[in-house]
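First comes the structure, then the notes that go with it.
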Amino acid sequence: MLLYEKVHEEIARRTTALQTMQRQDGTWRFCFEGAPLTDCHMIFLLKLLGKDKEIEPFVKRLASLQTNEGTWKLYEDEV
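Just so it is clear: in the sequence shown, position 70 is 70 by the working numbering, and no numbers are missing.
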């Protein structure tokens, strides 16, 4: 098998693994990191993979979490 084919098989395998961990609203939640950062990384990944149509739910979620000052906080009482 060519390296190119191996790479594409691995991308497909990891994509499937990520999709099984994805929540109904399109996000992932892990105990070791903030959800907004995970969503940002996913937007970058989808953009790199040319999956632009799948980015919108993440962008909407990030916009809904943004404060009036333009920042994102993990906790409401953060300064």
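In this text, a Cβ means the ideal position worked out from N, Cα and C, and glycines have one as well. On a predicted model such as this, the values are computed, not experimentally measured, just so you know.
- C-alpha of R29 to C-alpha of T38: approximately 8 angstroms in a straight line.
- Comparing C-alpha distances from P57 to each of R13, L74, Q22 shows the shortest one belongs to Q22.
- Annotation: the continuous alpha helix (DSSP H) that includes T20 extends over 3 to 21.
- Shortest Cα-Cα distance from D25 to any of K47, S64, T16 involves S64.
- The beta carbons of R61 and T20 sit no closer together than 8 angstroms.
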